[in-house]
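Those letters in the sequence shown? Residues 2 to 297, per the working numbering, in order. Worksheet: the structure to be examined is printed underneath.
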Amino acid sequence: MTSEESKAINRGGGGRYWKPQSNGKWRKLDNCFESLEGLLFTCEGNEKRARMEVENLLKLYYDEVDEAKEDDKEMDAADALSQMKNKILKEKRYEWIQSGARNVILCRLKNTDISGIAEWFVNKCQSGNESRHLMRLYPVHDTIKFSKDTALGDLQKLCLKNLPAVLNAKSGEWPSYRIDLARRNTGDLISREDVYDVVGNVKEQQNLHNEVKLSEPDITLLFQIQKTTLLFSYAKDFDQRRKFSLRPPQAKQPKEAKTGSVDGQEVEEVKVESLEEAVLKKESQEAEVKEETLEA
2 MTSEESKAIN RGGGGRYWKP QSNGKWRKLD NCFESLEGLL FTCEGNEKRA
52 RMEVENLLKL YYDEVDEAKE DDKEMDAADA LSQMKNKILK EKRYEWIQSG
102 ARNVILCRLK NTDISGIAEW FVNKCQSGNE SRHLMRLYPV HDTIKFSKDT
152 ALGDLQKLCL KNLPAVLNAK SGEWPSYRID LARRNTGDLI SREDVYDVVG
202 NVKEQQNLHN EVKLSEPDIT LLFQIQKTTL LFSYAKDFDQ RRKFSLRPPQ
252 AKQPKEAKTG SVDGQEVEEV KVESLEEAVL KKESQEAEVK EETLEA
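And the structure:
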């Protein structure tokens with residue numbers, strides 16, 4: 002780490018955030034989050050080791066991509082030279098961005114299929130023990146900075162830019178969708194109801210006829226707010242892939258049915274729904290009704 006990067010980190014912004022000026026002062030780079038594409042990870046405590054896990058997986062992914070390209074075509078001298086250059090500069094295909102939240106790490110990717118690499122990460126980690134500190138992954142397809150006065154306008158601008166392509170009908174069928182919202186280190190600038198209203202208005206303007214489906218939708222729209230930055234992404238089969246968890250699934254032990262005797266007759270124990278399960282079920286039903294009302 003250079004002395005300038007060390008000074009930047011000590012100033013609380015990370016090396017990507019601060020740039021030295023000719024007068025010896027530092028200014029913050031406010032455009033770091035503009036139109037960013039990459040991957041956002043949540044981790045368990047040790048961010049340094051989590052970054053190492055991500056870097057190892059990224060190198061493995063790019064090795065597989067490069068090998069597939071070599072197999073697909075016969076390379077001449079120029080292609081071979083370009084391939085060698087890409088291998089040397091592989092580390093520059095990604096860079097770390099200060100997320101501004103604890104246990105959250107953000108990686109900007111260049112010239113990479115975001116949906117493809119996100120699915121590769123999920124499949125790789127869920128099928129083996131590739132991650133000890135990483136917990137969950139969120140693809141990032143687009144970002145925008147917003148302020149207190151322009152929050153809703155910037156949100157609508159982001160939705161108008163991305164939703165028509167994401168929610169467009171495939172093979173004559175409109176995919177179902179659900180909205181997930183996460184807020185970190187931010188106030189009440191954008192509420193959940195604001196996101197619902199803006200998405201509904203954009204659907205109406207663009208003549209999109211998608212239906213809301215809270216359980217296992219075709220597409221999950223992911224909105225995340227980091228301080229004054231809005232991150233937008235989408236994922237297919239999000240629930241079926243355990244919400245992009247990077248932990249391998251735990252094998253469930255089969256439960257034996259308990260039996261007892263009543264009045265000398267053997268009976269099997271019947272599981273009664275707990276109060277907590279009943280409350281969660283009721284809240285899910287109320288949210289579904291609310292979504293359908295907004296949809297109408």
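No residue lacks a Cβ here, since even glycine has one placed at the ideal position from N, Cα and C.
Original post:
Can you give the beta carbon distance from Tyr178 to Thr113, rounded, assuming they're within the 8 Å contact cut?
Top reply: Between Thr113 and Tyr178 the Cβ distance is about 24 Å, and since that is not below 8 Å, they are no contact.
Original post:
How big is the Cα-Cα spacing for Asn32 and Glu56?
Top reply: Unreliable positioning characterises Asn32 in this predicted model, as indicated by a pLDDT of 49, which lies under 50. A coordinate reading is not provided.
Original post:
Straight-line CA distance for Tyr197 to Ser83?
Top reply: 46 Å
Original post:
How far does the beta strand (DSSP E) with Ser234 in it reach, from first residue to last?
Top reply: 230 to 237
Original post:
At what residue ranges does the region 151 to 222 contain a whole run of the alpha helix (DSSP H), taking only runs of 4 or more?
Top reply: 152 to 167, 193 to 207
**OP:** Taking Ser246 and Gln127 to be in contact with their CB atoms under 8 Å, please state how far apart those CB atoms are, rounded to whole angstroms.
**Re:** 7 Å
**OP:** Within its chain, find whatever has a CB closer than 7 Å to the CB of Trp121; leave out the 5 residues flanking it on each side and keep chain order.
**Re:** Tyr62
Subject >> Cβ-Cβ distance between Ile145 and Ile191 below 8 Å >> reply: no
Original post:
Ends of the beta strand (DSSP E) at Glu96?
Top reply: 95 to 98
Subject >> Proximity of Arg52 and Ile115 at Cβ, strictly below 8 Å >> reply: no
Subject >> Anticipated Cβ contact below 8 Å, Leu40 with Ala119, distance rounded >> reply: 6 Å
Subject >> Any C-beta of chain C under 8 Å from that of Phe239 >> reply: Any reference to chain C falls outside this structure, which holds one protein chain only.
Subject >> Helix, strand or coil at Phe245 according to DSSP, with G and I counted as helix >> reply: helix
Subject >> First through last residue of the alpha helix (DSSP H) which encompasses Gly117 >> reply: 115 to 127
Original post:
Between Val273 and the rest of its own chain, which residues show a CB-CB distance below 6 Å, the 5 nearest in sequence each way excluded?
Top reply: Reliability fails at Val273, whose pLDDT of 47 lies under 50, so the model's placement of it is uncertain and no value is given.
**OP:** Within the same chain, show all residues whose beta-carbon is closer than 8 Å to that of Lys149, passing over the 5 residues directly before and after it, in chain order.
**Re:** Leu190
Original post:
For Leu37, does the three-state DSSP call read helix, strand or coil?
Top reply: coil
**OP:** Under 8 Å Cβ to Cβ from Asn24, same chain only, skipping five residues before and after it: list those, please.
**Re:** The pLDDT assigned to Asn24 is 46, lower than 50, so where the model puts this residue is not dependable; a value taken from the coordinates is nonetheless given after this. For Asn24, where only same-chain residues beyond five positions count, there are no Cβ hits under 8 Å.
Original post:
Which same chain residues, not among the five before or five after Asp238, have their C-beta less than 6 Å away from its C-beta?
Top reply: none
Original post:
Does DSSP put Leu135 in a helix, in a strand, or in coil?
Top reply: strand
Original post:
Relative to the C-alpha of Val199, which residue among Leu153, Ser132, Leu110 is closest?
Top reply: Leu153
Original post:
Helix, strand or coil: which one does DSSP assign to Arg50?
Top reply: helix
Original post:
What do you reckon, are the CB atoms on Val1 and Glu38 nearer than 8 Å?
Top reply: There is no way to answer for residue 1, as the model of the chain reaches only from 2 to 297.
**OP:** Grab me the residues of Glu45's own chain with a C-beta within less than 6 Å of its C-beta, minus the 5 sequence neighbours each way, in chain order.
**Re:** His134, Met136
Original post:
Apart from the five residues on each side of it in sequence, which residues of its chain come closer than 7 Å, Cβ to Cβ, to Leu182?
Top reply: Arg193, Val196, Phe224
**OP:** Using three-state DSSP, classify Lys149 as helix, strand or coil.
**Re:** coil
Subject >> First through last residue of the beta strand (DSSP E) which encompasses Arg109 >> reply: 105 to 110
Subject >> Chain-order list of residues whose beta-carbon lies under 8 Å from that of Gln241 (same chain, five-residue window excluded) >> reply: Glu217
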